[in-house]
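Structure, as structure tokens:
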Amino acid sequence: QTRSLLGVFEEDAAAISNYINQLFQAMHRIYDAQNELSAATHLTSKLLKEYEKQRFPLGGDDEVMTSTLQQFAKVIDELSSCHAVLSTQLADAMMFPITQFKERDLKEILTLKEVFQIASNDHDAAITRYSRLSKRRENEKIKAEVTEDVYTSRKKQHQTMMHYFCALNTLQYKKKISLLEPLLGYMQAQISFFKMGSENLTEQLEEFLTNIGTSVQNVRREMDCEVENMQQTIEDLEVASDPLYLPDPDPTKFPAHRNLTRKAGYLNARNKTGLVSSSWERQFYFTQGGNLMSQARGDVAGGLVMDIDNCSVMAVDCEDRRYCFQITSFDGKKSSILQAESKKDYEEWICTINNISKQIYLSENPEEMAARVNQSALEAVTPSPSFQQRHESMRPAGQSRPPARRTSSTGSLGSDSAALSALSLDSLVAPDTPIQFDIISPVSEDLPGQAKSSGQSGRRTNPFGESGGSKSETEDSILHQLFIVRFLGSMEVKSDESPDVVYETMRQILAARAIHNVFRMTESHLLVTCDCLKLIDPQTQVTRLRFPLPNVVLCATHQENKRLFGFVLRTAGGRAESRQTSICYIFESNNEGEKICDSVGLAKQIAFHAELDRKASEKQKEIDRVKEKQQKELNKQKQIEKDLEEQSRLIAASSRSNQSSAEGQFVVLSSSQSEDSDLGEDGKKKRESEA
1 QTRSLLGVFE EDAAAISNYI NQLFQAMHRI YDAQNELSAA THLTSKLLKE
51 YEKQRFPLGG DDEVMTSTLQ QFAKVIDELS SCHAVLSTQL ADAMMFPITQ
101 FKERDLKEIL TLKEVFQIAS NDHDAAITRY SRLSKRRENE KIKAEVTEDV
151 YTSRKKQHQT MMHYFCALNT LQYKKKISLL EPLLGYMQAQ ISFFKMGSEN
201 LTEQLEEFLT NIGTSVQNVR REMDCEVENM QQTIEDLEVA SDPLYLPDPD
251 PTKFPAHRNL TRKAGYLNAR NKTGLVSSSW ERQFYFTQGG NLMSQARGDV
301 AGGLVMDIDN CSVMAVDCED RRYCFQITSF DGKKSSILQA ESKKDYEEWI
351 CTINNISKQI YLSENPEEMA ARVNQSALEA VTPSPSFQQR HESMRPAGQS
401 RPPARRTSST GSLGSDSAAL SALSLDSLVA PDTPIQFDII SPVSEDLPGQ
451 AKSSGQSGRR TNPFGESGGS KSETEDSILH QLFIVRFLGS MEVKSDESPD
501 VVYETMRQIL AARAIHNVFR MTESHLLVTC DCLKLIDPQT QVTRLRFPLP
551 NVVLCATHQE NKRLFGFVLR TAGGRAESRQ TSICYIFESN NEGEKICDSV
601 GLAKQIAFHA ELDRKASEKQ KEIDRVKEKQ QKELNKQKQI EKDLEEQSRL
651 IAASSRSNQS SAEGQFVVLS SSQSEDSDLG EDGKKKRESE A
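Position 118 of the sequence shown, counting from 1, maps to 118 under UniProt numbering, and the rest follow consecutively.
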């Protein structure tokens, strides 16, 4: 709007310049060509009469000015026979004011226009250099130089622009002065030189000239007052706008508004120029209802870029540039990568487009409605699994599953897919299998005796935030990846050994949606860990569905539309409780189908290696327990040997003590030997025992 208005003012200045040049030439003829004075005044009168035919964009309806100039033209036409002796007076009273306006004021406008254009080009070049700053190899010196260059060029452009606008506004007053003053001087010179008082210059004309002089002075005073006000406004704007010259202001001082449903500003758009090459173009973008518009510099109006109703927006890394995000249309056929100037604009654009894609702008109070879905917009800006840990204590303990909306996919859903292998359709999906289109969020506790289906139970936590000592099941998982998905449907399948079963399930679910006019899809956050897959409500953070990873036996992406993917879950029970059943779940993602399948495969590999490590650890612990038991037996044997050795030493010491006592009794024993011989063998043994 500013540049369009500036174009109107510049067009008006060009028209004024063109008209003043013609008027100057006419008056110059009066001064130079004394002999052609009559013809020159006649041309001046003619030009004054043609003023009302001029197409001034800002002053075409000035009837007072037109009538005044018409009156002057009439008087000048009567004075077309003036003499050449008026040359000196005409030079001072007529030529000087219009020459000053032409040589000083109009040239000032042209000079300021060139300076403004140079400053604008310098600012564009500085912004381009700033946008090319590397995010990976950040050089503080280069960043400081580029930031200072942006600050200086932006400030220079702003100051030049304000002075240029001030000069354009002042030109409207100077235009009137430059037109009226030369004419007034010319008339006064005629009066003083010819003394035409009573014949040509009546009292009525003198009164008219006096009124014109008073009007000129009033216009001058009004111009001076307006210039003073504009100068004060310029000073106030310079003080207030100083922080805004920085390309990336401090987010703590200028926080992002996340509840917007309208946004406008300059963005860098990525345009592919080849297979691997691309270029970036800076344009002005704005939202209009549910449309994203762009307008190049010099265009009269904006053009449609994309319909952003039900679109998806996400942050992306693109060519080592900062603050990039991608907008993908609802059907996935059109996408655009844009780069914002600052983090504040980056977050505001993503939040605004996310709000518009949910058609919040159609509600009675868009900002209030946007505030309720603000959390979902934040997760789209910076996808991170950290919210799972923050809200782990807020999941319900169980759920009762009300009857889901189901429909039957009969044989009229479509012909056989040509992409299937030798397996027949009946061997993949049983005929008349019900299809579930909705996800029922957990809202109540499980009833006593109600069996929970595997992977579909919520969990309710303490309302006071206490976890009760339970540890999060994903707290120790080394893999946390979050994706935004939309649930299309699920159905029971007969086989889980080939990706063809996923392709056939996709075909039947999409055909059933088209036949039954089911267009609504439930958006969720899919959290992939080493233990399970979880579908989490983006607003309440409640786990809608939980799929144990060992039960996920197959995951595949659509062969053509990479946004579609599905996986097969093997569960216990089903139609026949005596056998296992397989259920295929189909989702739509934001161009991340293959990435999600790779993430699931990586999670299963990590879980497999973790199980191998666990078994190896248990085996090692068993070996350590056997070694420890053997070591205990060996230590016990050594202790027994040590006790026997100690007992042997005590017996030897006791024997030596008994020997010394026996030598003292040798005499008594000798005297009694004769008696021993009489006692016989029994008596000897008794005596030895007593000894």
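Even for Gly, the Cβ is constructed at its ideal location relative to N, Cα and C. All figures in this text were calculated on a predicted structure; none of them were measured in a lab.
Exercise. Which ranges does the alpha helix (DSSP H) cover as unbroken runs of at least 4 residues, wholly within the UniProt domain "PID" (483 to 619), from first to last along the chain?
Worked result: Counting only runs of 4 or more, we get 500 to 515.
Exercise. Count the other CB atoms within 10 Å of the CB of D345; is the residue buried (16 or more) or exposed (fewer)?
Worked result: Taking the sequence shown and counting its residues from 1, one reaches residue 345 at position 345. Buried, because 16 or more other Cβ atoms sit within 10 Å of the Cβ of D345.
Exercise. CB L237 to CB H158, shorter than 9 Å?
Worked result: Against the sequence shown, residue 237 aligns to sequence position 237. Against the sequence shown, residue 158 aligns to sequence position 158. It is a contact, given that the beta carbons lie within the stated cut-off.
Exercise. How many Å lie between E281 and V115 at the Cα?
Worked result: The residue given as residue 281 occupies position 281 in the sequence shown. The residue given as residue 115 occupies position 115 in the sequence shown. Distance between the alpha carbons of E281 and V115 is about 24 Å.
For this session: Taking Y266 as part of the alpha helix (DSSP H), name the residues at either end of that continuous run.
Result: Mapped onto the sequence shown, residue 266 falls at position 266. Premise fails: Y266 lies in the beta strand (DSSP E), 264 to 272, not in any alpha helix (DSSP H).
Exercise. Looking at the unbroken alpha helix (DSSP H) that takes in F194, where does it start and where does it end?
Worked result: Within the sequence shown, the letter at position 194 stands for residue 194. Taken as a continuous stretch (DSSP letters only), the alpha helix (DSSP H) holding F194 covers 140 to 194.
Problem set entry | Where the alpha helix (DSSP H) containing M27 begins and where it ends | Stepping through the sequence shown from its first residue, residue 27 is reached at position 27. Segment 2 to 32, the alpha helix (DSSP H) holding M27.
For this session: Reducing DSSP to helix, strand and coil, say where S329 ends up.
Result: In the sequence shown, residue 329 corresponds to position 329, counting from 1. The answer is coil: DSSP assigns S329 none of H, G, I, E or B.
For this session: Output the boundary residues of the alpha helix (DSSP H) element that contains F286.
Result: In the sequence shown, the residue the question calls residue 286 occupies position 286. Per DSSP, F286 belongs to no alpha helix (DSSP H); it is in the beta strand (DSSP E), 278 to 288.
Problem set entry | Sequence-distant residues of its chain with Cβ nearer than 7 Å to D12 (five each side left out) | Your numbering for residue 12 matches position 12 in the sequence shown. Result list for D12: F56, P57, L58, in chain order.
Exercise. Where in the segment 73 to 109 do unbroken runs of the alpha helix (DSSP H), each at least 4 residues long, occur, reported from the N-terminal end onward?
Worked result: 87 to 90, 96 to 100
Exercise. To the nearest whole angstrom, what separates the beta carbons of S589 and F483, a pair I think is in contact under 8 Å?
Worked result: As a first step, residue 589 must be located in the sequence shown, where it is residue number 589. As a first step, residue 483 must be located in the sequence shown, where it is residue number 483. S589 to F483, Cβ: 6 Å. Contact.
Exercise. Near R486, which residues of its chain fall below 7 Å by C-beta distance, leaving aside the five closest residues on each side in sequence?
Worked result: Here residue 486 is taken as the residue at index 486 of the sequence shown, counted from 1. Correct list, in chain order: M521, T522, E523, F587, E588.
Exercise. What three-state label does DSSP hand I651 in the structure shown?
Worked result: Locating residue 651 in the sequence shown gives position 651, counting from the first residue. Looking at I651 - three-state DSSP - the assignment turns out to be helix.
Problem set entry | I327, buried or exposed, once every other Cβ within 10 Å from all chains shown has been counted against 16 | To locate residue 327, count along the sequence shown from 1; it is residue 327. Here I327 is buried. Its C-beta has 16 or more other C-beta atoms within 10 Å.
Exercise. Which residue from A514, R262, R221, M306 puts its Cα closest to that of K333?
Worked result: Your numbering for residue 333 matches position 333 in the sequence shown. Nearest C-alpha to K333: M306.
For this session: Closer than 8 Å by C-beta to C166: which residues in its own chain qualify, once you throw out the five before and the five after it? Chain order, please.
Result: What you label residue 166 is simply residue 166 of the sequence shown in a count that begins at 1. Answer for C166: V227, M230, Q231, I234, listed in chain order.
Exercise. In three-state DSSP terms, what is P243?
Worked result: Against the sequence shown, residue 243 aligns to sequence position 243. Note: P243 maps to helix in three-state DSSP.
For this session: Please confirm if the segment 248 to 262 is in contact with the segment 352 to 359, defined as three or more CB-CB distances below 8 Å between the two stretches.
Result: yes
For this session: Determine the contact status of L479 and T529, defining contact as a CB-CB distance below 9 Å.
Result: Stepping through the sequence shown from its first residue, residue 479 is reached at position 479. Stepping through the sequence shown from its first residue, residue 529 is reached at position 529. It is a contact, given that the beta carbons lie within the stated cut-off.
For this session: Could you work out which residue in Q172, A126, K46 is closest to K155 when comparing CA atoms only?
Result: The count along the sequence shown starts at 1 and reaches residue 155 at position 155. If we check each option's Cα against that of K155, A126 comes out closest.
For this session: Could you check if V276 is buried or exposed, using at least 16 other CB atoms within 10 Å of its CB as the buried criterion?
Result: In the sequence shown, the residue the question calls residue 276 occupies position 276. Classification for V276: exposed.
Exercise. Skipping 5 residues on each side, what residues in its chain have a beta carbon closer than 6 Å to that of A256?
Worked result: Numbered from its first residue, the sequence shown carries residue 256 at position 256. So the list reads K344, E347, E348, once near-sequence residues are dropped.
For this session: Specify whether the segment 135 to 142 and the segment 268 to 275 touch according to this definition: at least 3 beta carbon pairs, one from each stretch, less than 8 Å apart.
Result: no
Exercise. Taking three-plus beta-carbon pairs below 8 Å as touching, is the segment 315 to 325 in contact with the segment 362 to 370?
Worked result: no
For this session: Give the single residue among E560, R544, I536, T571 whose Cα lies nearest to the Cα of V553.
Result: To locate residue 553, count along the sequence shown from 1; it is residue 553. Cα-wise, what sits closest to V553 is T571.
Problem set entry | Buried or exposed by the 16-neighbour rule on C-beta atoms within 10 Å, applied to L268 | The residue you call residue 268 lines up with position 268 of the sequence shown. According to the sequence provided, residue 268 is Asn. The question's Leu does not apply to it. Flag for N268 reads buried.
For this session: Please report the residue range of the alpha helix (DSSP H) in which L43 lies.
Result: Taking the sequence shown and counting its residues from 1, the one referred to as residue 43 is at position 43. Looking at the DSSP string, the run of the alpha helix (DSSP H) that includes L43 is 37 to 49.
Problem set entry | D320 - containing beta strand (DSSP E), residue span | Taking the sequence shown and counting its residues from 1, the one referred to as residue 320 is at position 320. Taken as a continuous stretch (DSSP letters only), D320 belongs to no beta strand (DSSP E), as it is neither H nor E.
Exercise. With respect to 8 Å, is the separation between the Cβ of D496 and the closest non-hydrogen atom of the ligand PLP below this value?
Worked result: With respect to the ligand PLP, the structure offers nothing, as it holds no ligand at all.
Exercise. Near N169, what residues of its chain come up, given a Cβ to Cβ distance below 6 Å and the 5 sequence neighbours on each side ignored?
Worked result: By 1-based counting over the sequence shown, the position of residue 169 is 169. No residues qualify anywhere along the chain.
Problem set entry | Span separating the alpha-carbon of T210 from that of D224 | As a working mapping, residue 210 is identified with position 210 in the sequence shown. As a working mapping, residue 224 is identified with position 224 in the sequence shown. For T210 and D224, the distance between alpha carbons rounds to 21 Å.
Problem set entry | Cβ separation of C584 and G566, assumed to be a contact under 8 Å, to the nearest whole Å | The residue labelled residue 584 in the question sits at position 584 within the sequence shown. The residue labelled residue 566 in the question sits at position 566 within the sequence shown. Correct: roughly 6 Å between the Cβ atoms.
Exercise. Roughly how far, in whole angstroms, is the beta-carbon of Y266 from the beta-carbon of E341, given that I think they are within contact range, below 8 Å?
Worked result: Residue numbering aside, residue 266 sits at position 266 when the sequence shown is read from its first letter. Residue numbering aside, residue 341 sits at position 341 when the sequence shown is read from its first letter. Rounded, the Cβ-Cβ distance is 7 Å, consistent with contact.
For this session: Mind reading off the beta-carbon distance from L549 to D537? Whole number of angstroms is fine, and I expect it under 8 Å.
Result: As a working mapping, residue 549 is identified with position 549 in the sequence shown. As a working mapping, residue 537 is identified with position 537 in the sequence shown. The Cβ separation is near 21 Å, so there is no contact.
Problem set entry | Three-state secondary structure assigned by DSSP to G455 | Locating residue 455 in the sequence shown gives position 455, counting from the first residue. Low confidence applies to G455: its pLDDT is 38, below 50, so where it sits in the model is not reliable, and the reading given next is rough at best. Correct three-state label for G455: coil.
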